[in-house]
Amino acid sequence: MSDYTADEMMTVAAARALASAKACFVGIGLPSTAANLARRTANPDLVLVYESGTIGAKPSRPPLSIGDGELAETATAVVSVPEMFNYWLQPGRIDVGFLGAAQLDRYANINTTVVGDYHQPRTRLPGAGGAPEIAASCREVFIVVRQSLRTFVERLDFRTSVGFGDGPGDRERLGLPGKGPQLVITDLGVLEPDATTKELTLTSVHPGVDAQQVQEKTGWSLQIDPDLRTTEPPSIMELAALRKLKET
Amino acid sequence: MADLVTLAEGVAALIHDGDTIALEGFTHLIPMAAGQEIIRQGRRDLTLARMTPDLVYDQLIGAGCARKLIFSWGGNPGVGSLHRFRDAVEHGWPVPLEIEEHSHAGMANRYVAGASGLPFAVLRGYRGTDLPDQTDTIKPITCPFTGEILTAVPALNPDVTVIHAQRADRAGNVQLWGITGVQKEAVLAARRSLVTVEEIVDDLVPKAGAIVLPTWAVTAVAEVPGGARPSYALGYYDRDNRFYQDWDAISRDRGTFADWLKGIAA
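For the protein sequence lines, the chains are A and B, in the order given. Under my numbering, the first residue of the first sequence carries the number 1, and numbering increases by one thereafter. Under my numbering, the first residue of the second sequence carries the number 1001, and numbering increases by one thereafter.
Set out below in structure tokens:
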């Protein structure tokens, strides 16, 4: 029945989430594809900020790295890395931070450091990069990640970036200025933090997916919104824009 | 005043076994040729500092040149893992690798403190993460004016910083532009510095947005055309994304990496 993939649904849903954003701090991979799609669909004026120092990059195709030459050549401004983190990110000038995750827990804390013990890791992952301070200081954070038991875990092996920490009030106690993760967009649906408990709650499933399937790919007992919605499928225009972006 | 040298002379004179060195360049202008010259000259027990170890440090680590890595993001951008880095951390091959792990904001501020002649830098970072439990160079500090708890990271002052730039003049003034990352801070934080450049020119024509490192702030300059490949030099050549993708297979296996290593031997 569907003529689009689960990954395409995820990317389109992530791009739509950027409809009203002004500036977005973009991580490489899925977030970058979604942010570039948003510039071609929901939000042509979106300012893409890459941690390499490019502000307002307008690449013609999704870059492989966060520092490809086209980002610098099309940017409104190119700043040094210390300036990027100290003047632009830290004071909260960037409204949306867009992150990926290797592991995620119910409070949307993120691990991108190790699987297993820190000193004897089963898998050594790349590490923090810009993520801890993006998660702390952007006004809000969106996470794009494929949903699986390996990724959605009861307990992180390492907390690289803070979502809601151990629960309500933790961000304030830690002095983290941003509001924290507001959306987790997966290939199955969309999760949002509960206003009171801050626990991730399934608020939308993509077409053809039911809540039970999402639970089966979540490593904890998943909260489900009583008003669970179904995500609007990708429009012909959205799909065309995404496929054009991927082929260039 | 900076000496104009060959790459081999510069590495031989400035980089010694056991040194802490920083080869900086954020995706752009990565000093790859210098890294490979360090491998050829057989340096050992180096402490390697760099925000994004990238291929340049994957090669040095796989070649057994490093004892320790100070870093903030150790992946192959857009491709996946750095396999030589992973093999060293996960299996101690070819030699065990000690790690000192930061975030980008922390590393950038460590260079800023180093360039500023200060003992440490302050940032709003790391709070609530597991990084301070593993990294001694991350400590809480209370603001003496507001009482806010912030984070302090010590200055990073490499023995030697190596960067690649687009050009220099015959007096050794260095000019670089495009994404300039943390190179200025890394050079000014270091005791000695080596800059490889695409070309040495008679007149360093001013260029909007460019950084200039005056000759008296640089130890040595070597002309190395293509010295950033497969990274790129804006205005000279593009990033070789294909090689970054190919590196995944070359580096995944110890044998194919050893073959690659033979290929760069003088």
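Glycine is no exception: its CB is placed at the ideal position from the N, C-alpha and C atoms.
Inset, instruction - Indicate whether at least one CB of chain B lies closer than 8 Å to the CB of PHE68(A). - result: Just to set this straight, residue 68(A) is Asp in the shown sequence, not Phe. Yes, ASP68(A) counts as interfacial toward chain B.
Inset, instruction - Specify the secondary structure class of LEU242(A) as computed by DSSP and reduced to three states. - result: helix
Inset, instruction - Compute the beta-carbon to beta-carbon distance between PRO1144(B) and ILE1138(B), rounded to the nearest angstrom, for a pair I have assumed lies under 8 Å. - result: Actually they do not touch by this definition, with Cβ atoms about 20 Å apart.
Legend entry - 7 Å CB neighbourhood of GLY29(A) in its chain, flanking five on each side removed: GLY100
Inset, instruction - Could you pull the start and end residues of the beta strand (DSSP E) that HIS1016(B) belongs to? - result: HIS1016(B) -> no beta strand (DSSP E), and no H or E assigned at all.
Inset, instruction - Can you say whether GLU1242(B) is buried or exposed, counting buried as having 16 or more other CB atoms within 10 angstroms of its CB? - result: The residue you asked about is not Glu; residue 1242(B) is Arg in the sequence shown. Classification for ARG1242(B): exposed.
Legend entry - Residues that THR160(A) contacts on chain B, provided the C-beta gap is smaller than 8 Å: THR1129, ASP1130, LEU1131
Legend entry - Distance, ILE1030(B) Cα to SER1193(B) Cα: 15 Å
Inset, instruction - Would you tell me roughly how many angstroms separate the C-alpha atoms of ASP194(A) and PRO181(A), rounded to the nearest one? - result: 11 Å
Legend entry - CB contact below 8 Å: GLY1064(B) versus chain A: no
Legend entry - Secondary structure, alpha helix (DSSP H): runs of 4+ residues fully inside the stretch 1133-1210 of chain B: 1183-1189
Legend entry - Segments of 4+ residues assigned as alpha helix (DSSP H) that fall wholly inside the stretch 89-169 of chain A: 131-137
Legend entry - Buried/exposed call for GLY1035(B), threshold 16 Cβ in 10 Å: buried
Legend entry - Proximal chain A residues relative to THR1196(B), where beta-carbon distance stays under 9 Å: None at all; the shortest Cβ gap to chain A is about 18 Å.
Legend entry - Limits of the unbroken alpha helix (DSSP H) element including VAL1056(B): 1054-1062
Legend entry - is_contact[VAL1005(B), chain A] using C-beta, thresh 8 Å: no
Legend entry - Within-8 Å CB hit, ILE28(A) to chain B: yes
Legend entry - For TYR1232(B): DSSP bridge partner residues: HIS1028(B)
Inset, instruction - Using a cut-off of 9 Å between C-beta atoms, extract the partners of GLY18(A) located in chain B. - result: For the sequence presented, residue 18(A) should be read as Leu rather than Gly. Those within 9 Å of LEU18(A) in chain B number zero; the least Cβ separation is about 20 Å.
Inset, instruction - Figure out for me which residue from TRP220(A), CYS24(A), SER235(A) has the closest Cα to the Cα of ASP95(A). - result: CYS24(A)
Legend entry - Spatial neighbours of ALA1171(B) in its chain, beta-carbon cut-off 6 Å, leaving aside the 5 residues before and after: THR1215
Inset, instruction - Check the Cβ-Cβ distances between ASN1157(B) and every residue of chain A, and say whether any is below 8 Å. - result: no
Legend entry - Cβ neighbour criterion (16 or more within 10 Å) applied to HIS1091(B): exposed
Inset, instruction - Within its chain, find whatever has a CB closer than 6 Å to the CB of ASP1045(B); leave out the 5 residues flanking it on each side and keep chain order. - result: ASP1017, GLY1018, ARG1067
Inset, instruction - Report the neighbours of GLU1185(B) on chain A: residues whose CB is nearer than 8 Å to its CB, in chain order. - result: SER80, PRO82
Legend entry - Endpoints, the alpha helix (DSSP H) within which LYS1255(B) is located: The residue you asked about is not Lys; residue 1255(B) is Gly in the sequence shown. Here the alpha helix (DSSP H) through GLY1255(B) covers 1254-1264.
Inset, instruction - For HIS1104(B), go through chain A and note every residue whose CB falls closer than 8 Å to its CB, in chain order. - result: GLU51, VAL81, PHE85, ALA128, GLY129, GLY130, GLU133
Inset, instruction - Leaving out five residues on either side along the sequence, give the residues of the same chain with a beta carbon under 7 Å from the beta carbon of LEU1023(B). - result: PRO1031, ALA1034, GLY1035, ARG1050, VAL1056, VAL1162
Inset, instruction - Could you have a look at TYR4(A) and say whether DSSP puts it in helix, strand or coil? - result: coil
Inset, instruction - Have a look at the DSSP bridge pairing and note the partners of ALA1066(B). - result: LEU1046(B)
Legend entry - Separation of GLY1075(B) from ARG155(A), as counted between CA atoms: 24 Å
Inset, instruction - Give every residue of the same chain whose Cβ lies closer than 7 Å to the Cβ of PHE158(A), excluding the five residues on either side of it in the sequence, and list them in chain order. - result: ASN111, THR113, VAL114, TYR118
Inset, instruction - Keeping to the same chain, check which residues put their C-beta closer than 7 Å to that of PHE1120(B); ignore five residues upstream and five downstream. - result: ALA1113, ALA1152, VAL1153, PRO1154, ALA1155
Legend entry - Contact the stretch 43-55 of chain A vs the stretch 159-178 of chain A: 3+ CB pairs below 8 Å: no
Inset, instruction - Indicate whether at least one CB of chain B lies closer than 8 Å to the CB of LEU64(A). - result: yes
Inset, instruction - Report yes or no: do three or more beta-carbon pairs, one from the stretch 213-226 of chain A and one from the stretch 238-246 of chain A, lie closer than 8 Å? - result: no
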